[in-house]
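First residue of the sequence shown? That's 1 in the working numbering, and the numbers climb one at a time after it. Just so you know, even glycine gets a beta-carbon here, dropped at the ideal spot from N, CA and C. From a predicted model like this one, the values you see are computed outputs, not experimental measurements. The next block holds one structure in the form of structure tokens; read it before the comments.
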Amino acid sequence: MGPDMQTRVFSPDADGYDAAASALRDGGLVAFPTETVYGLGGDARNDMAVARIFEAKARPRFNPLIVHVNSISAAREFVEWPDQADILAQAFWPGPMTLVLPLKPGTGLSPLVTADLPTLAIRVPAHPVAQNLLATFGGPVAAPSANPSGRISPTTADHVLAGLNGKIAAVLDGGACEVGVESTILGLAGTPTLLRPGGLPVEAIEAALHDTLDTRGNCDPLTAPGQLASHYAPNAQVRLEATEKRTGEVLLGFGPVDADLNLSPAGDLTEATANLFRHLHSLDAMGAETIAVSPIPNHGLGRAINDRLRRAASPRS
Ligand code: TXA
Ligand code: MG
């Protein structure tokens, strides 16, 4: 069975932005780089476009999407805006943070975006290519990570094509993503709650809020419908906290260990985060049966790395 359509690759220049924005206006899907991972964008006000996102990813319809806008004032058109949202947005937008807030009525968003929840996940990405695309398009863009549902998130245009070639209109190639894991998601509809650790460390958020976050909701599928256990799955099995490499395994190292690939020989968590999905993609492409992974400290960005690795290691559904 051949691909359904020709996926075009656009360069991040004036022509590329115009072509990408016009594909979005036609209800097409355009993958684009953000500072975290590549997103699979569609017009958030167009039911057909949003339905195509779920279809292209084979994503369950009950798993809502993040809406991307290019400014705080644009975000405020869609959601209620408590003081805590303002503090965090002023401190960390544009950047790798998503806020879940009560959805305002009459915004014109497709109800498929929120999977009929009364809340909306929204973020202002920092990547200049994402910013330019949003400005050229001039409207809200719904975008999950640009990978087939349950697979490793893409941090290059090649990763996007490996998973979605022939299923989407285009990809804007902006090179490798700097952060390398998805945004940190915070629920602000009630007590500030960490829904997904990500590219912005919890410690930074708590410092800005002068308060601690509720981190218990993290793995509850009712508060974060997308946080299914088996996620970010490479083809290989994954074994965590590995202190040695067993027969038939490849080792994904961290710190000064003898490894097949190393997230950061110097033990730097920022570098390790940026390398995580790329190294998982590479080890998977080598056809490894089991990927053993060195222990990763569980603070700062290490929390997001460990979250993704635990999901990669959990039994497949
Ligand atoms: O960095 C990112 O966040 C990337 C880039 C493209 O922006 N996007 C991303 O989207 O990771 P996705 O769809 O792979 O993950 C979004 C997560 C899902 O787990 C979903 O369940 C959750 O956000 N989510 C969306 N709307 C929500 C809501 N109203 N309440 C709770 N969780 C929500
Ligand atoms: Mg995803």
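Check                                                                                                                     : Outcome
Pair within 9 angstroms by beta-carbon distance, proline 197 and aspartate 307                                            : yes
For glycine 267, the three-state DSSP class (helix, strand or coil)                                                       : coil
Same chain, Cβ closer than 7 angstroms to glutamate 80, neighbours up to 5 away in sequence not counted                   : Leu101, Pro102 and Lys104
Local Cβ density within 10 Å of methionine 5, reported as buried at 16 or more and exposed below that                     : exposed
Residue environment, glycine 253, which counts as buried when at least 16 other CB atoms sit within 10 Å                  : buried
Reduced DSSP category for leucine 240 - H, G, I as helix; E, B as strand; rest coil                                       : coil
First and last residue of the uninterrupted alpha helix (DSSP H) at histidine 159                                         : 157-164
Straight-line Cα distance separating valine 257 from leucine 40                                                           : 36 angstroms
Anticipated Cβ contact below 8 angstroms, proline 154 with alanine 142, distance rounded                                  : About 17 angstroms separates the two Cβ atoms, so there is no contact after all.
Whole-number beta carbon distance between alanine 89 and isoleucine 72, since they are thought to touch under 8 angstroms : 5 angstroms
Same chain, Cβ closer than 6 angstroms to alanine 304, neighbours up to 5 away in sequence not counted                    : Val181, Pro197 and Gly198
Residue of Val129, Thr119 and Pro192 minimising C-alpha distance to alanine 31                                            : Val129
First through last residue of the beta strand (DSSP E) which encompasses leucine 172                                      : 170-172
Residue nearest to serine 183 in terms of C-alpha spacing, selected from Ala313, Trp93, Arg311 and Gln84                  : Trp93
Check: leucine 120 C-beta below 8 angstroms from any heavy atom of the ligand TXA                                         : yes
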